[in-house]
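Engineer: Here you go, one structure.
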Amino acid sequence: DAGVIQSPRHEVTEMGQEVTLRCKPISGHNSLFWYRQTMMRGLELLIYFNNNVPIDDSGMPEDRFSAKMPNASFSTLKIQPSEPRDSAVYFCASSLAGNYEQFFGPGTRLTVL
Amino acid sequence: KNEVEQSPQNLTAQEGEFITINCSYSVGISALHWLQQHPGGGIVSLFMLSSGKKKHGRLIATINIQEKHSSLHITASHPRDSAVYICAVIGTYSGGSNYKLTFGKGTLLTVNP
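Sequence order for the protein chains is Y and L. Each residue of the first sequence is one higher than the last, beginning at 1 in the numbering used here. Each residue of the second sequence is one higher than the last, beginning at 1001 in the numbering used here.
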């Protein structure tokens, strides 16, 4: 199995630009998580999908952030407009519902100038 | 007070030493993760456990549910073990959110040759 796949691995953009991060979960997994990691706050859950439906988006910072899961094998996290404080590593993780173990992707390192 | 506390925050060891990293938590849990993150790298799940002890190669994880404490041990440490080790718990919150990971701040381990 290829594991959780994320793209791009690195993204550098300018303030005000739209950023789209992509995630392909492990085949057969029906839970998907987006996390953000910063030095100050560590790892934080942004949003959780189960069977493609957003269950908990309480961690999404503000309206500039949105996430979609149009099918079981693809999810996006969009930031529009981006700000320098959005600079972080964004991780996607997936798991089988009912199994607590989450498998993380390699992350996308976002830098907003 | 954080729900998940790790100690030490930083640990430096010589190659071959026995390493112990501790994790204490203040909530009831369904499961506990030990995760590994190399500098600039992705997050790898080492163990998920809810009772007792698990072993994988030179790594051993134990958990004491009554004392709300877990330890990660590394035997015969090696420079390639240098990484951040993160403890994360899935709490048994009322309302049944059995997916949300609460993360410790991590322990930075450096193993010198």
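Just so you know, even glycine gets a beta-carbon here, dropped at the ideal spot from N, CA and C. Here the structure is a predicted model, which is why all the values come from computation and not from measurement.
Just reading off the beta strand (DSSP E) that L:Tyr1085 is part of, what are its end residues?
Structural biologist: Residue numbering aside, residue 1085 of chain L sits at position 85 when the second sequence is read from its first letter. Where L:Tyr1085 is concerned, the enclosing beta strand (DSSP E) stretches over Ala1083 to Gly1091.
Engineer: List, in order along the chain, the chain Y residues whose C-beta lies closer than 9 Å to that of L:Ile1021?
Structural biologist: In the second sequence, counting from the first residue as 1, residue 1021 of chain L sits at position 21. Residues of chain Y passing the Cβ test: none, with the nearest at roughly 16 Å.
Engineer: Nearest chain Y C-beta to L:Ala1031 closer than 8 Å, yes or no?
Structural biologist: Sequence index remark: in the second sequence, residue 1031 of chain L carries index 31 (1-based). Yes - at least one Cβ of chain Y is within 8 Å of the one on L:Ala1031.
Engineer: Looking at the strands, I want to know which residues DSSP matches up with Y:Ala93.
Structural biologist: Locating residue 93 of chain Y in the first sequence gives position 93, where the first residue counts as 1. Note: Y:Ala93 sits in a beta bridge opposite Y:Phe33 and Y:Phe104.
Engineer: In chain order, what residues of the same chain have a beta carbon less than 7 Å from the beta carbon of Y:Arg64, not counting five sequence neighbours either side?
Structural biologist: Within the first sequence, numbered from 1, the residue matching residue 64 of chain Y stands at position 64. Answer for Y:Arg64: Ile79, Gln80 and Pro81, listed in chain order.
Engineer: Taking the C-alpha atoms as reference points, what is the distance between Y:Thr38 and L:Glu1067?
Structural biologist: In the first sequence, the residue the question calls residue 38 of chain Y occupies position 38. In the second sequence, the residue the question calls residue 1067 of chain L occupies position 67. Looking at the two C-alpha atoms, the distance is approximately 30 Å.
Engineer: Please name the residue or residues paired with L:Phe1047 in a DSSP beta bridge.
Structural biologist: Counting from one through the second sequence, the residue named residue 1047 of chain L turns up at place 47. Looking at the DSSP assignment, L:Phe1047 forms a beta bridge with L:Trp1034.
Engineer: Could you check the C-alpha separation between Y:Ser87 and Y:Arg9 for me, to the nearest Å?
Structural biologist: In the first sequence, the residue the question calls residue 87 of chain Y occupies position 87. In the first sequence, the residue the question calls residue 9 of chain Y occupies position 9. Answer to the nearest angstrom: the Cα atoms are 13 Å apart.
Engineer: Can L:Leu1046 and L:Leu1059 be called in contact, C-beta distance under 8 Å?
Structural biologist: Here residue 1046 of chain L is taken as the residue at index 46 of the second sequence, counted from 1. Here residue 1059 of chain L is taken as the residue at index 59 of the second sequence, counted from 1. Yes, these two residues count as a Cβ contact at 8 Å.
Engineer: For L:Thr1102, count neighbouring C-beta atoms within 10 Å of its own C-beta (all shown protein chains included) and say buried if the count is 16 or more, exposed if not.
Structural biologist: Walking along the second sequence from the start, residue 1102 of chain L turns up at place 102. Buried, because 16 or more other Cβ atoms sit within 10 Å of the Cβ of L:Thr1102.
Engineer: Please state if the CB of L:Ser1077 and the CB of L:Glu1003 are separated by a distance shorter than 8 Å.
Structural biologist: Along the second sequence, one-based indexing puts residue 1003 of chain L at 3. Along the second sequence, one-based indexing puts residue 1077 of chain L at 77. No; because the gap between Cβ atoms is not below 8 Å, this pair is not in contact.
Engineer: Verify whether the separation of the beta carbon atoms of L:Ile992 and L:Leu1032 is less than 8 Å.
Structural biologist: This structure gives no information on residue 992 of chain L, because the portion of chain L shown stretches from 1001 to 1113.
Engineer: Would you please state the rounded distance, in angstroms, between the beta carbons of Y:Ser75 and Y:His29? I believe it to be under 8 Å.
Structural biologist: By 1-based counting over the first sequence, the position of residue 75 of chain Y is 75. By 1-based counting over the first sequence, the position of residue 29 of chain Y is 29. The Cβ separation is near 11 Å, so there is no contact.
Engineer: Starting from the C-beta of L:Tyr1025, find all residues in its chain whose C-beta is less than 7 Å away, skip the five residues before and the five after it, and write them out in chain order.
Structural biologist: As a working note, residue 1025 of chain L is residue 25 in the second sequence. Answer for L:Tyr1025: Glu1003, Val1004, Lys1068 and Val1089, listed in chain order.
Engineer: In this structure, does DSSP put L:Arg1080 in helix, strand or coil?
Structural biologist: Start at 1 with the first residue of the second sequence, and residue 1080 of chain L comes out as number 80. If DSSP states are grouped into helix, strand and coil, L:Arg1080 belongs with the helices.
Engineer: Quick check: the Cα distance between Y:Leu110 and Y:Val19, rounded to an integer number of angstroms?
Structural biologist: Against the first sequence, residue 110 of chain Y aligns to sequence position 110. Against the first sequence, residue 19 of chain Y aligns to sequence position 19. Rounded to the nearest whole angstrom, the CA to CA distance from Y:Leu110 to Y:Val19 is 9 Å.
Engineer: In whole angstroms, what is the alpha-carbon distance linking Y:Ser7 and Y:Cys92?
Structural biologist: In the first sequence, counting from the first residue as 1, residue 7 of chain Y sits at position 7. In the first sequence, counting from the first residue as 1, residue 92 of chain Y sits at position 92. Roughly 10 Å separates the two Cα atoms.
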